[in-house]
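In this note's numbering, the protein residues as written are 7 to 429. Note that CB positions come from ideal geometry on N, CA and C, so glycine has one too. Below is one structure, written out as structure tokens; the observations come after it.
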């Protein structure tokens, strides 16, 4: 029975590898194998079933995000079926949520699995980062150029001073930046598993390469988010373990107040015409759409709806803000669900970091950078980034108990135990 159990336990890790490789490189075909089952969906489903077989307890999958996810799904289902919109985006959301619970289940049932996730993240980051540098050093046209940090130009007419914006394994430089901001801190977690100093140096070198690749995108939001993630990575490693319960609550309150302030600021700016250029126009349109369509305009339809609402014929893919995009697409329920996901995820990551979980520290850094970038962009509009976002959330939520009143943390080979293992 032992070989059979070992084989079944390997299935969720293989599924995780498939999800991460596809998110990094679009490795697997998007065409369904049968019906609506794509290779990635099949992998996620197999991983969930295998985890449920090896750890058949409800607590394995229970998290603090369950109610927030239920609210998010309520908004998504309501706008899809009441509004009569196509259900393909809803299936994509369910796949991403399946990835979340897959990572939670793997983390709870196999405490050492974070090592495999970190190693996979290192491979994925290296693939995307080296591809980005190759485009710049070999002057490979990407269709995106700038003459400086703030000026976009047409690559054909930009002249000798124009600089190529790297896209790496993505179609857009902003998506590459978001990918690296989200996954590079997780990749650095691999250094904790290395007993040899030279091996840790190699991991850090790849991490520096990845952050350097963010610079090649010339994404302003990406560069700021990467810097913020690095600051949080260092600060959380040294400060979070020294915080008491009230310190965690204070940070959570400050984060909630900051999020509320940003929301109010975006609302005010959205009513101020073109104060922030195209983003201000998109935000105003998203708010107006929510007023006219309380249930939302449908998942994946915000870009078209915003484009139709903004004068001038400009084309938008999304609302340039993750929370406002959810408001436009899934109404108030979608917005409240994503706000709760944000607050609970950050609070849980802070708690995990305070409990000396290295996975909690890198998760906090990754989510901080990603959420910061998401205030002026919506990279999770791409399914590959959305899958990765929920995967990182799953990695973090596996580090804390499923209930708010539960004490302690799940058994984890991070923090002090990881340092002992490294020796």
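Per DSSP, residue i is paired with what?
{"i": "residue 158", "result": "152"}
{"i": "residue 43", "result": "40"}
{"i": "residue 170", "result": "151"}
Which same chain residues, not among the five before or five after residue i, have their C-beta less than 6 Å away from its C-beta?
{"i": "residue 332", "result": "340, 341, 344"}
{"i": "residue 254", "result": "The predicted model places residue 254 with a pLDDT of 48, which falls under 50 and marks its position as unreliable; any figure quoted below should be read in that light. Within the same chain, residue 254 has close Cβ partners 356, 357, 360."}
{"i": "residue 107", "result": "67"}
{"i": "residue 169", "result": "152"}
{"i": "residue 61", "result": "115"}
{"i": "residue 387", "result": "324"}
{"i": "residue 99", "result": "82"}
{"i": "residue 346", "result": "74"}
{"i": "residue 295", "result": "303, 311, 334"}
Taking 7 Å as the limit between beta carbons, can you name the residues of its chain near residue i, skipping five residues before and five after?
{"i": "residue 301", "result": "84, 85, 88, 89, 337"}
{"i": "residue 404", "result": "109, 110, 113, 114, 416"}
{"i": "residue 21", "result": "49, 50, 52, 53, 108"}
{"i": "residue 121", "result": "199"}
Determine the direct distance from the alpha carbon of residue j to that of residue i, and round the result to whole angstroms.
{"i": "residue 35", "j": "residue 45", "result": "7 Å"}
{"i": "residue 420", "j": "residue 14", "result": "The pLDDT assigned to residue 420 is 44, lower than 50, so where the model puts this residue is not dependable; a value taken from the coordinates is nonetheless given after this. Answer to the nearest angstrom: the Cα atoms are 24 Å apart."}
{"i": "residue 124", "j": "residue 397", "result": "12 Å"}
{"i": "residue 160", "j": "residue 64", "result": "54 Å"}
{"i": "residue 210", "j": "residue 201", "result": "14 Å"}
{"i": "residue 9", "j": "residue 389", "result": "35 Å"}
{"i": "residue 146", "j": "residue 181", "result": "18 Å"}
{"i": "residue 313", "j": "residue 284", "result": "11 Å"}
{"i": "residue 41", "j": "residue 92", "result": "15 Å"}
{"i": "residue 293", "j": "residue 330", "result": "7 Å"}
{"i": "residue 141", "j": "residue 215", "result": "14 Å"}
{"i": "residue 33", "j": "residue 43", "result": "16 Å"}
{"i": "residue 162", "j": "residue 179", "result": "18 Å"}
{"i": "residue 94", "j": "residue 328", "result": "19 Å"}
{"i": "residue 380", "j": "residue 204", "result": "36 Å"}
{"i": "residue 393", "j": "residue 157", "result": "31 Å"}
{"i": "residue 144", "j": "residue 229", "result": "22 Å"}
{"i": "residue 97", "j": "residue 304", "result": "13 Å"}
{"i": "residue 175", "j": "residue 406", "result": "33 Å"}
{"i": "residue 232", "j": "residue 217", "result": "7 Å"}
{"i": "residue 239", "j": "residue 70", "result": "23 Å"}
{"i": "residue 306", "j": "residue 78", "result": "14 Å"}
{"i": "residue 183", "j": "residue 137", "result": "13 Å"}
{"i": "residue 383", "j": "residue 290", "result": "14 Å"}
{"i": "residue 310", "j": "residue 299", "result": "14 Å"}
{"i": "residue 171", "j": "residue 395", "result": "23 Å"}
{"i": "residue 148", "j": "residue 191", "result": "26 Å"}
{"i": "residue 135", "j": "residue 225", "result": "14 Å"}
{"i": "residue 19", "j": "residue 385", "result": "25 Å"}
Within 10 angstroms of its Cβ, does residue i collect 16 or more other Cβ (buried), or is it exposed?
{"i": "residue 76", "result": "exposed"}
{"i": "residue 410", "result": "exposed"}
{"i": "residue 321", "result": "exposed"}
{"i": "residue 318", "result": "exposed"}
{"i": "residue 47", "result": "buried"}
{"i": "residue 273", "result": "Because residue 273 sits at a pLDDT of 49, beneath the cut-off of 50, its placement in the model cannot be relied upon, and the following sentence gives the value as read from the coordinates. So residue 273 ends up on the exposed side."}
{"i": "residue 297", "result": "exposed"}
{"i": "residue 38", "result": "exposed"}
{"i": "residue 207", "result": "exposed"}
{"i": "residue 177", "result": "exposed"}
{"i": "residue 73", "result": "exposed"}
{"i": "residue 11", "result": "exposed"}
{"i": "residue 126", "result": "buried"}
{"i": "residue 236", "result": "buried"}
Between residue i and residue j, which are expected to be in contact by the criterion C-beta below 8 Å, what is the C-beta distance as a whole number of angstroms?
{"i": "residue 24", "j": "residue 185", "result": "No, residue 24 and residue 185 are not in contact; Cβ-Cβ is about 17 Å, not under 8 Å."}
{"i": "residue 150", "j": "residue 173", "result": "7 Å"}
{"i": "residue 128", "j": "residue 223", "result": "Between residue 223 and residue 128 the Cβ distance is about 20 Å, and since that is not below 8 Å, they are no contact."}
{"i": "residue 288", "j": "residue 325", "result": "5 Å"}
{"i": "residue 212", "j": "residue 132", "result": "5 Å"}
{"i": "residue 219", "j": "residue 375", "result": "Not a contact, Cβ separation roughly 14 Å."}
{"i": "residue 335", "j": "residue 308", "result": "5 Å"}
{"i": "residue 17", "j": "residue 56", "result": "4 Å"}
{"i": "residue 105", "j": "residue 400", "result": "7 Å"}
Return the chain-ordered list of same chain residues with a C-beta closer than 8 Å to the C-beta of residue i, the five sequence neighbours on each side being excluded.
{"i": "residue 130", "result": "26, 27, 29, 30, 31, 189, 193"}
{"i": "residue 80", "result": "339, 343"}
{"i": "residue 402", "result": "351, 354, 355, 358, 365, 366, 369, 370, 373"}
{"i": "residue 187", "result": "220, 228, 231, 232, 235, 372, 375, 376, 379"}
Does any residue of chain C bring its CB to less than 8 Å from the CB of residue i?
{"i": "residue 182", "result": "Here there is only one protein chain, and chain C is not present."}
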